[in-house]
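In what follows, a single structure is set out as structure tokens and then discussed.
Protein chains: 2
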Amino acid sequence: MRSEDIAKLAGVSRSTVSRVINNYPDIPQKTRDKVLKIIEQYHYEPNTSARVLAGKGTNTIGFFVVSLAEQHNVNRIYQNNYFAPFVDAVIDTANAAGYYVLVHTVYSKEDFVKVKQAFLQKRIDGGIIVGTQKDIDTVRDIGGLGMPLVLIDYDIGEIMEHHLDQNHLAIVNSKDYEGATAAMEYLIGLGHREIGFIAGRLTTFSGRQRAKAYEDALQRHGLPVEEAFRLKGEFLKQNAYDEAIRLIRSGRLPTAIFSANDDMAIAAMEALKEHGVRVPDDVSVIGFDDVPVASQIVPSLSSVRLPIYDMSREAVNKIVGMCEAGLSSFGTSSFPTQLIQRDSCRSLR
Amino acid sequence: MRSEDIAKLAGVSRSTVSRVINNYPDIPQKTRDKVLKIIEQYHYEPNTSARVLAGKGTNTIGFFVVSLAEQHNVNRIYQNNYFAPFVDAVIDTANAAGYYVLVHTVYSKEDFVKVKQAFLQKRIDGGIIVGTQKDIDTVRDIGGLGMPLVLIDYDIGEIMEHHLDQNHLAIVNSKDYEGATAAMEYLIGLGHREIGFIAGRLTTFSGRQRAKAYEDALQRHGLPVEEAFRLKGEFLKQNAYDEAIRLIRSGRLPTAIFSANDDMAIAAMEALKEHGVRVPDDVSVIGFDDVPVASQIVPSLSSVRLPIYDMSREAVNKIVGMCEAGLSSFGTSSFPTQLIQRDSCRSLR
DNA sequence: ATGAAAGCGCTAACAG
DNA sequence: CTGTTAGCGCTTTCAT
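Protein chains in written order, with the UniProt record's numbering: chain B, 1 to 349; chain V, 1 to 349.
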């Protein structure tokens with residue numbers, strides 16, 4: 001069933017059918033109804049490819065989840081408590097806005113060609129990327145295509161510095177620095193002076209912000225900076241677990257550990273537990289992200305809540321705005337986080 | 001940049017460019033290289049809409065997640081431990097097979113028109129649906145379109161009974177009946193005779209299978225069938241929590257509870273804990289799905305593991321097979337489950 | 001207010 | 001082996 005068939009059945013021309021479909025104003029109600037009736041009756045739906053080829057948008061956005069470090073992990077992002085909510089929230093919001101969503105995962109540099117192709121082949125009107133590495137090439141590559149792009153968790157400084165075209169680019173972040181600072185102030189307020197840190201991927205903006213907040217807090221309060229207490233977790237459970245074991249074996253433990261995300265905090269807690277170190281009695285632990293499990297484990301994990309739903313909605317709104325109105329809404333939206341106090345931290349006072 | 005531009009630059013015709021792109025055999029290496037070089041050089045990518053319009057496939061599959069009961073829950077599927085892994089596994093597998101994935105959520109009957117449109121508008125070559133209700137209309141509607149369709153968790157009996165065209169339809173299930181039976185046998189083997197059940201949505205195939213296995217097990221062992229021990233959870237945490245409270249207040253508890261999924265089992269455990277009922281000391285609990293959290297809570301939850309990754313891969317393989325070769329691979333693939341014993345069940349002997 | 005016709009970028013007979 | 005040509009189904013000037 002093509003528009004021409006509808007046209008014949010309704011006794012009009014294809015142009016008229018097209019006008020009805022696209023809600024052109026100068027068309028009498030009578031004609032409109034006549035055409036609409038046939039369309040209904042035959043369950044006609046215009047062919048998307050033809051419409052796109054004739055100049056319409058695809059009404060589809062791409063959502064790209066970048067997780068380069070997890071390349072060799074079979075249970076990949078769905079074991080990752082950070083990305084899953086973004087995927088769902090973006091889909092929900094975009095669907096509600098009448099957009100289809102093409103979701104693609106990026107585990108390797110090569111996967112990026114698929115992302116680029118999605119744009120270049122005109123499969124999507126615009127795209128959202130989450131988890132981008134501090135890799136200006138990639139951003140320039142994709143951003144240079146001149147198509148609407150929203151980056152979730154990216155340093156606006158990078159963009160400015162490299163003079164990227166900002167007309168179809170937007171950034172959505174969370175206030176990670178503030179959130180991490182809140183976590184540190186909380187621990188310090190509880191009387192902790194020896195505080196360890198499990199770092200995330202420093203190639204991500206949030207990873208760097210959280211690390212910097214840790215360092216700044218120590219310095220601000222004149223607390224000791226122990227290299228041995230600084231673990232490299234890369235946002236991954238396994239790494240955090242291994243590093244925690246190493247720390248335990250070293251014989252010297254801090255009184256508190258701030259982890260750059262909950263997944264790693266939980267992994268570290270497992271390691272501690274297995275070695276007879278009690279949380280929070282011996283060591284306090286606080287995470288980041290406030291993933292659903294955080295409240296379900298024992299002891300429940302204190303954390304910093306990330307407004308993932310708000311961030312996702314903002315990202316979708318921005319991309320839709322750019323796709324439809326050609327709105328060049330450059331700028332960073334930064335969403336506040338919230339300290340969630342639970343049972344994994346104890347006061348030393 | 002269009003194929004014509006490439007043609008000019010390479011000194012050939014558009015057809016030749018097309019032949020190179022589509023890997024036609026009868027084209028000399030020299031010509032091929034010449035064209036390929038220009039394509040590389042200009043980062044040319046053929047316009048998907050044009051290719052599709054000219055008869056090619058979209059190389060895109062749709063993945064539709066149906067969760068009708070959660071319509072009014074803001075934190076929807078990403079709070080759902082059952083769907084999230086499917087989403088990710090399908091995307092991963094399809095991406096690896098060179099396919100793009102259009103993901104859409106269905107929370108209401110109206111959302112189904114979006115699903116139908118995705119097919120009718122030729123946005124996808126085929127689709128996978130998970131969570132379909134026992135609603136043959138929907139299946140007939142979508143299946144009647146004549147496009148490749150794979151249903152995850154659906155009763156093949158429904159298909160047969162209604163004489164649906166089976167040439168482009170396949171079903172992928174897990175052995176829920178066997179899995180639920182294993183869970184029941186496990187509890188019974190531990191000496192439990194009063195066993196409660198938290199039912200899932202009986203409109204889903206797995207929901208019905210799990211319920212039937214419960215009933216059959218009781219009957220087979222001549223155990224009492226207490227209506228009061230049969231809770232209606234609809235696969236939702238909140239319902240399970242509320243029902244558990246009701247059961248506790250009734251004053252009579254079974255010695256064990258089999259929950260049709262882990263989310264509900266965990267919710268029930270919370271309710272029990274809040275009312276001073278100890279698990280597994282007072283009541284043993286076993287769930288289904290073996291979601292990641294199951295092993296992380298205290299006590300760790302015994303469960304039945306679902307081979308989500310295998311099911312997803314099979315679904316993708318089937319859909320890809322049907323899309324590419326026009327393979328009419330009708331039939332049901334049914335994947336075995338695995339009983340996972342943890343700390344939430346105790347022996348009464 | 002509506003129809004005719006050109007064209008979007010590509011593929012696939014058909015010729016040669 | 002390669003070029004010419006006719007669509008694929010729709011939108012959109014341009015006429016009328």
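Cβ atoms here follow ideal geometry from the backbone N, Cα and C, with glycine treated the same way.
Is it the case that the Cβ atoms of residue i and residue j are separated by a distance below 8 Å?
i                            : j                         : result
threonine 58 of chain B      : arginine 123 of chain B   : yes
alanine 240 of chain B       : alanine 268 of chain B    : yes
leucine 348 of chain B       : histidine 192 of chain B  : yes
residue 374 of chain B       : aspartate 165 of chain B  : Coverage of chain B is limited to positions 1 through 349, which leaves residue 374 of chain B absent and any answer about it impossible.
alanine 7 of chain B         : isoleucine 61 of chain B  : no
leucine 301 of chain B       : arginine 342 of chain B   : yes
valine 283 of chain V        : isoleucine 257 of chain V : yes
alanine 50 of chain V        : leucine 53 of chain B     : yes
phenylalanine 197 of chain V : leucine 231 of chain V    : yes
leucine 102 of chain V       : alanine 89 of chain V     : no
valine 291 of chain V        : leucine 253 of chain V    : no
aspartate 155 of chain B     : lysine 134 of chain B     : yes
phenylalanine 63 of chain V  : glycine 179 of chain V    : no
alanine 10 of chain V        : isoleucine 38 of chain V  : yes
serine 312 of chain B        : valine 285 of chain B     : no
leucine 306 of chain B       : alanine 183 of chain B    : no
Report buried or exposed for residue i, applying the criterion of at least 16 other Cβ atoms within 10 angstroms of its Cβ.
i                         : result
asparagine 22 of chain B  : exposed
threonine 332 of chain V  : exposed
aspartate 125 of chain V  : buried
glutamate 234 of chain V  : buried
valine 74 of chain V      : The predicted model places valine 74 of chain V with a pLDDT of 49, which falls under 50 and marks its position as unreliable; any figure quoted below should be read in that light. Flag for valine 74 of chain V reads exposed.
tyrosine 24 of chain B    : exposed
aspartate 153 of chain V  : buried
methionine 160 of chain B : exposed
histidine 162 of chain B  : exposed
valine 115 of chain B     : buried
glycine 189 of chain V    : exposed
asparagine 104 of chain V : It is histidine, not asparagine, that sits at residue 104 of chain V in the sequence shown. Histidine 104 of chain V is buried by the Cβ-count criterion.
lysine 237 of chain V     : buried
proline 46 of chain B     : buried
glycine 157 of chain B    : exposed
glutamate 314 of chain V  : buried
valine 281 of chain V     : At residue 281 of chain V the sequence reads aspartate, which differs from the valine that was named. Exposed, since its Cβ has fewer than 16 Cβ neighbours within 10 Å.
serine 250 of chain B     : exposed
asparagine 81 of chain V  : buried
histidine 201 of chain V  : It should be noted that the sequence gives arginine, not histidine, for residue 201 of chain V. Arginine 201 of chain V should be labelled buried.
proline 148 of chain V    : buried
Is residue i helix, strand or coil by DSSP?
i                            : result
leucine 231 of chain V       : strand
aspartate 343 of chain V     : coil
arginine 305 of chain B      : strand
aspartate 5 of chain V       : helix
asparagine 75 of chain B     : Only weak support is given to the placement of asparagine 75 of chain B: the predicted model assigns it a pLDDT of 49, under 50, and the question is left unresolved by the model.
valine 283 of chain V        : coil
valine 277 of chain B        : coil
isoleucine 61 of chain V     : strand
glutamine 338 of chain V     : strand
phenylalanine 197 of chain B : strand
threonine 181 of chain B     : helix
threonine 332 of chain B     : strand
valine 66 of chain V         : strand
aspartate 88 of chain B      : helix
aspartate 289 of chain V     : strand
threonine 204 of chain V     : coil
Near-chain B residues of the region 37 to 53 of chain V (beta-carbon distance less than 9 Å), N- to C-terminal order: For the region 37 to 53 of chain V, which is checked against every Cβ of chain B, the residues closer than 9 Å are His43, Tyr44, Glu45, Pro46, Asn47, Thr48, Ser49, Ala50, Arg51, Val52, Leu53.
Runs of alpha helix (DSSP H) wholly within the region 212 to 260 of chain V (minimum 4 residues, chain order): Complete alpha helix (DSSP H) runs here, min 4: 237 to 249.
Whole runs of the beta strand (DSSP E) within the region 99 to 179 of chain B, excluding any shorter than 3 residues: Taking only runs of at least 3 residues, the beta strand (DSSP E) segments lying wholly in the region 99 to 179 of chain B are 100 to 106, 126 to 130, 149 to 152, 169 to 174.
Under 7 Å (Cβ pairs) to chain V, residues found in the region 83 to 111 of chain B: For the region 83 to 111 of chain B, which is checked against every Cβ of chain V, the residues closer than 7 Å are Ala84, Pro85, Val87, Asp88, Ala89, Ile91, Asp92, Asn95, Tyr100, Val101, Leu102, Val103, His104, Thr105.
Cβ-based contacts, 7 Å cut-off: residues of the region 194 to 217 of chain V near chain B: For the region 194 to 217 of chain V, the set of positions with a beta-carbon nearer than 7 Å to some beta-carbon of chain B is empty.
Where the region 293 to 305 of chain B meets chain V: residues whose CB sits under 8 Å from a CB there: Residues of the region 293 to 305 of chain B with a C-beta atom less than 8 Å from some C-beta of chain V are Val293, Gln296, Ile297, Val298, listed in chain order.
Contact residues within the region 120 to 142 of chain B, judged by C-beta distance below 7 Å to chain V: Here the close residues are Leu120, Gln121, Lys122, Arg123.
Under 8 Å (Cβ pairs) to chain B, residues found in the region 3 to 29 of chain V: Answer in chain order: no residues at all.
Secondary structure, alpha helix (DSSP H): runs of 4+ residues fully inside the region 15 to 63 of chain B: Qualifying alpha helix (DSSP H) stretches, in chain order: 29 to 41, 48 to 53.
Where the region 262 to 275 of chain V meets chain B: residues whose CB sits under 9 Å from a CB there: So the list reads Ile266, Glu270, given in the order they occur along the chain.
Proximal residues, the region 161 to 186 of chain V versus chain B, C-beta separation under 7 Å: So the list is empty, because no residue satisfies the distance condition.
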